[in-house]
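Report on the following structure.
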Amino acid sequence: MKEASLRKTIVFLKSDLLTAVTALLLAEQRRLVLWVPVGMALGVAGYFGLRQEPSVWGGVALPMLCIGAALLGLWRGWQSVWGRIVAGGCLAVAVGFLAAWLSTHRHLPMPELPRRAVEITGTVQSMAAVAGRDGAVPGRMVVLANARFETPLDADMLPLKRTLRVKLKPDDMGDLAPGDEVWVRVMLMPPPFPAFPGGRDLQREAWFANSAGYGRALNPVERLSVSSRQRGWIVTVLEPLRETLDTRIRAVLPGAVGAVASTVLTGESASVPRAVREDFAASGLAHLLAVAGLHLGLVMGLLMGLFRLGFALWEWAALRWPCKALSALLALVGGAGYAMLTGLHLPVIRSLIMASIAVLGIAVGRRVVSMRGLALAATLLLPIMPEELLGVAFQMSFAAVMALVAGYEALGPWFAGYRARATGMAHWLVCHLIALALTSLLAGLATLPIVMAHFGQIQPFFVLANLLAVPLMAVWIMPLGLLALLLMPLHLEAMALTPMGWGVDLVLSMAHGVARLPAARMSVPHMPTWGLGAVLLGLCWLCLWRQRWRLWGVVPVALGMLSPLLLVQPDVLISPDGGLMAVRDGGHLLVAGRSRDSAAVQAAWAQAFARVPEPFPVKGQTPDGVLSCGEDGDLDICFVSKNGRMALLRVVDKTDGMARLTDALCADMDVVISSAPLRDSCPNARRLDRFSAWREGAQAVYLEKHGVRVVTDRAVRGARPWVMKPGGHGMPNLPLAPSE
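Residue numbers (the numbering used here): 16 to 755.
Structural data, given as structure tokens:
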């Protein structure tokens, strides 16, 4: 009897809970469409989270079957809210998965690059200035298309279908233009492997950027000829125009001021000095250096105000034409031109789509900015560029706008009532300060976890910095910058650029001052992928619903932000080439060895573990005894002791493994790690050497009480098209012989 009663109680509770949830969904049914891009994003994330690449059956046929079944389910179950949710969710997830698979297989495999100095010819696709560490501009970066290797081995090779990024010599300031055929001698490198398992995947980014690798020039570039083939308008018009504007801006405003001014007007941000970038990042102003919605909104707002003023002064037009809609349309055209001039980056494309929806809303008398407009922008972008979901630009852009729209939806009535009661200039100023602070706070809080995940930092003073810098950008810098662009055909740009430079200099001083405040930039450990996913899903739950149950979204957001503290950090790290090792010793990250990309690897480790790298002790042990070096007479031999486990580290081996480790050293070792091949040393211990790093990439070693656990980069990333073969080798460049 008791079991039957308990069973009835459970059934009743389930029925009651289902009824309550159904009632909530019915109350929110006008918001269900906002979850379509979220479902697509889940499909994209599911594809990129796989360890094995799906076949055509799994990547195309199965999603198509799911799409067909979902469409049938929508047709048959449209009257049921649960039918719409289940069928619509399956449809969105399948579309996202299919789009990601198709986008991946649109690109050709990575080519094999020479591992020695090589002469290449190619077509200049684009160029950008590269700042030196002292703020000077020592050279340029060129992107070469259709490159050929001028070596006997690569004779008659087909042109590369991927591009190469080549950094020119500091003194090479020759006259180059997009479309020029050039020759240069370079040292090339493929995209690097992640610095640690789960780290930033530059190979995946290069795959979707259609890049084959990068290199540095060993001699000045020689221009062979201007290409006679038909070139696109981006090469023939936009690239030369962008470079001309950049040159003329920096001729009037040299140094960091000119670099920042050129960034906001042309999108050429490569010349911004590293110190300036660090100050902007530490003060929470990095978004000012990335042309996005703020810049496009300011440009369109200024243009719309000017056009409305012009129509108002033209009495005949003001009485007969829909001047507001026309002004918005003309501002959209100007904004599209600005977006193309600055490079059509993803945040600008998203903002342009949102602006188009806003202009359409003005034309038909609807709300200008809405959550549906944002959802439509994401729904249009994800099938076209699904790989951008993994990028910081997409995540920060949509998170910030989503938080702003949701925040003003919730606080809008109160704010409107306050503005209605406010009278006089003082109250007007207070209203604008409140709006500015609220905007900075909402956008900053929404993007804070994303900044933690991608950059390992928190900027506590971002609201203060934005309160000071954004008004300067809106009322001083951007208006004068647009005026300078208009005056350039008359060669009078200095009249506007000079005062614009004063404003930029003020922003630079503010960024520098805020960055020097105590705890202006706090480092946080690496956030796992599931932590970032929890944050983003929680943020969507918090912003997309309107009922009180939206507050449950705070739970996954908090869990995701705390995930770096829940993640067990490795005790020993091994670089992708096996030459660099790091030991986590309490609050210290001790590093030793040599690596080809030593600086980049150490920077990635420092960011991921929120510790500044320090050298191994030359001889002796660390204060807590975790690491000891040179105690057996060999300064290149170290021991790590933790949780009852022992690891031997051979940091440097000049004999390339020919000097065998003695049995006494190997005794009682749970794992032996060497920067050189171990060959026949320590056969009874678990061995990690240069060969294992060559096969598996970066490795993380956990010394745990129940044993030694090793996580490798290849195990984390799996067998995907962008994961390069051991050693970074790609597909041969020569066509196959007929017999093959």
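Using N, Cα and C, we set each Cβ at its ideal position, and we do this for glycine too. Just so we're clear, the structure is a prediction, and the values are computed from it rather than from any experiment.
What are the boundary residues of the alpha helix (DSSP H) that includes glycine 112?
Start at 1 with the first residue of the sequence shown, and residue 112 comes out as number 97. In the sequence as presented, glycine is not what sits at residue 112; that position holds phenylalanine. Unbroken alpha helix (DSSP H) run through phenylalanine 112: 96–119.
To the nearest whole angstrom, what separates the beta carbons of tyrosine 717 and proline 543, a pair I think is in contact under 8 Å?
Counting from one through the sequence shown, the residue named residue 717 turns up at place 702. Counting from one through the sequence shown, the residue named residue 543 turns up at place 528. Not quite, the Cβ-Cβ distance comes to about 15 Å (not below 8 Å), so this is no contact.
Pull up the distance between the alpha-carbon of alanine 539 and that of alanine 573, whole angstroms please.
Locating residue 539 in the sequence shown gives position 524, counting from the first residue. Locating residue 573 in the sequence shown gives position 558, counting from the first residue. According to the sequence provided, residue 539 is valine. The question's alanine does not apply to it. Spanning the two alpha carbons is a distance of roughly 15 Å.
Enumerated in chain order, which unbroken segments of the beta strand (DSSP E) with a length of 3 residues or greater are wholly contained in the stretch 656–726?
If we require 3 residues or more, the beta strand (DSSP E) runs fully inside the stretch 656–726 come out as 660–665, 686–689, 701–703, 714–719.
Beta-carbon separation of serine 690 and valine 725 under 8 Å?
On the sequence shown, residue 690 is found 675 positions in, with the first residue counted as 1. On the sequence shown, residue 725 is found 710 positions in, with the first residue counted as 1. In this structure, valine 725 does not lie closer than 8 Å to serine 690 by Cβ.
Please classify histidine 603: is it buried, with 16 or more other beta-carbons within 10 angstroms of its beta-carbon, or exposed?
Numbered from its first residue, the sequence shown carries residue 603 at position 588. The residue in question, histidine 603, is buried, as its Cβ has 16 or more Cβ neighbours within 10 Å.
For glycine 553, which of helix, strand or coil comes out of DSSP?
Within the sequence shown, numbered from 1, the residue matching residue 553 stands at position 538. Three-state result, glycine 553: helix.
Residues in its own chain within less than 6 Å of alanine 354 by CB, not counting five upstream and five downstream?
Numbered from 1 along the sequence shown, position 339 holds the residue referred to as residue 354. Same-chain partners within the cutoff: Val363, Leu367.
Assign alanine 276 to one of two classes, buried (16 or more other C-beta atoms within 10 Å of its C-beta) or exposed (fewer than that).
Stepping through the sequence shown from its first residue, residue 276 is reached at position 261. Counting Cβ neighbours within 10 Å, alanine 276 comes out buried, since at least 16 surround it.
List, from N- to C-terminal side, the alpha helix (DSSP H) runs of 4 residues or more that fit wholly inside the stretch 247–283.
DSSP runs (the alpha helix (DSSP H)) wholly in the stretch 247–283: 254–267, 270–281.
With a Cβ-Cβ cutoff of 8 Å, do valine 7 and glutamate 258 count as a contact?
Because the chain in this structure spans residues 16 to 755, residue 7 falls outside the shown range and cannot be described.
Are the stretch 438–457 and the stretch 480–491 touching by the rule of at least three beta carbon pairs closer than 8 Å?
Yes: the two stretches touch, three or more of their Cβ pairs being nearer than 8 Å.
Could you check where the alpha helix (DSSP H) with tryptophan 620 kicks off and where it finishes?
For this step, residue 620 is matched to residue 605 along the sequence shown. 613–624 is the extent of the alpha helix (DSSP H) around tryptophan 620.
Leaving aside the five residues before and after glutamine 44 along the sequence, list all residues of the same chain whose C-beta is less than 7 Å from its C-beta, in chain order.
Taking the first residue of the sequence shown as 1, we reach residue 44 at position 29. Result list for glutamine 44: Val96, in chain order.
When you compare the stretch 112–127 with the stretch 71–84, are there three or more beta-carbon pairs, one atom per stretch, that lie closer than 8 Å?
Segments in contact, yes.
Just the Cα atoms here: how many angstroms apart are alanine 151 and proline 269?
Along the sequence shown, one-based indexing puts residue 151 at 136. Along the sequence shown, one-based indexing puts residue 269 at 254. The predicted position of alanine 151 is uncertain, since its pLDDT is 49 and thus under 50; a value taken from the coordinates is nonetheless stated next. Going by the C-alpha atoms only, they are around 10 Å apart.
Does the stretch 552–565 come into contact with the stretch 312–332, if we say contact requires no fewer than three beta-carbon pairs (one atom in each stretch) closer than 8 Å?
Cβ pair count under 8 Å is below three, so no.
If you count every other CB in all the chains shown that lies within 10 Å of the CB of asparagine 699, and 16 or more means buried, which is it?
Walking along the sequence shown from the start, residue 699 turns up at place 684. Asparagine 699 should be labelled exposed.
Closest to aspartate 671 by CA distance: which of Pro692, Ser643, Leu191 is it?
The count along the sequence shown starts at 1 and reaches residue 671 at position 656. Considering only alpha carbons, the answer is Pro692.
Report yes if the C-beta distance between valine 291 and alanine 307 is below 8 Å; otherwise report no.
Locating residue 291 in the sequence shown gives position 276, counting from the first residue. Locating residue 307 in the sequence shown gives position 292, counting from the first residue. The answer is no: Cβ separation not under 8 Å.
Looking only at DSSP bridge pairs, what is leucine 498 linked to?
In the sequence shown, the residue the question calls residue 498 occupies position 483. Answer is none; leucine 498 lacks a bridge partner.
Hey, out of Ala301, Leu554, Leu317, Ser578, whose CA is closest to valine 569's CA?
To locate residue 569, count along the sequence shown from 1; it is residue 554. Out of Ala301, Leu554, Leu317, Ser578, Leu554 has the C-alpha closest to the C-alpha of valine 569.
Mind the definition here: the stretch 301–318 touches the stretch 377–390 only if three or more C-beta pairs lie below 8 Å; say whether that holds.
No contact exists between the stretch 301–318 and the stretch 377–390.
Grab the span of the beta strand (DSSP E) containing histidine 541 for me, first residue to last.
Reading the sequence shown from its first residue, position 526 is the one you call residue 541. It is not in any beta strand (DSSP E) - histidine 541 carries neither H nor E in the DSSP assignment.
Extract the residue ranges of the beta strand (DSSP E) inside the stretch 318–368, only unbroken runs of 3 or more that lie entirely within it.
Segments of the beta strand (DSSP E) lying fully in the stretch 318–368: there are none.
Helix, strand or coil for arginine 531 per DSSP?
For the purposes of this step, residue 531 is taken as the residue at position 516 of the sequence shown. Arginine 531 falls in the coil class under three-state DSSP.
Between the stretch 196–216 and the stretch 131–139, can you find at least three pairs of beta-carbon atoms closer than 8 Å?
Verdict: yes, contact present.
Is it buried or exposed, valine 606, if we count other Cβ atoms within 10 angstroms and call 16 or more buried?
Here the question's residue 606 lines up with position 591 in the sequence shown. Under this definition valine 606 is a buried residue.
From this set, His469, Leu595, Ala143, which residue's C-alpha is nearest serine 284's C-alpha?
On the sequence shown, residue 284 is found 269 positions in, with the first residue counted as 1. Minimum Cα distance to serine 284 is reached at Ala143.
Judging by CA-CA distance, which residue of Leu457, Gly189, Arg436 is the nearest neighbour of leucine 426?
Counting from 1 along the sequence shown, the entry for residue 426 is found at position 411. Out of Leu457, Gly189, Arg436, Leu457 has the C-alpha closest to the C-alpha of leucine 426.
Are cysteine 653 and leucine 664 close, meaning C-beta to C-beta below 8 Å?
In the sequence shown, counting from the first residue as 1, residue 653 sits at position 638. In the sequence shown, counting from the first residue as 1, residue 664 sits at position 649. Yes; because the gap between Cβ atoms is below 8 Å, this pair is in contact.
Within a Cβ cutoff of 6 Å, which residues of the same chain sit near glutamine 410, ignoring the five residues on either side of it in sequence?
Along the sequence shown, read from residue 1 onward, the residue named residue 410 stands at position 395. Ile465, listed in sequence order.
Measure the C-alpha to C-alpha separation of aspartate 683 and proline 207 and round it to an integer number of angstroms.
Position 668 of the sequence shown, counting from 1, holds the residue named residue 683. Position 192 of the sequence shown, counting from 1, holds the residue named residue 207. Rounded to whole angstroms, aspartate 683 to proline 207 spans 35 Å at the Cα level.
How long is the line joining the alpha carbons of glutamine 245 and alanine 392, rounded to whole angstroms?
To locate residue 245, count along the sequence shown from 1; it is residue 230. To locate residue 392, count along the sequence shown from 1; it is residue 377. The pLDDT assigned to glutamine 245 is 48, lower than 50, so where the model puts this residue is not dependable, and the model offers no usable value.
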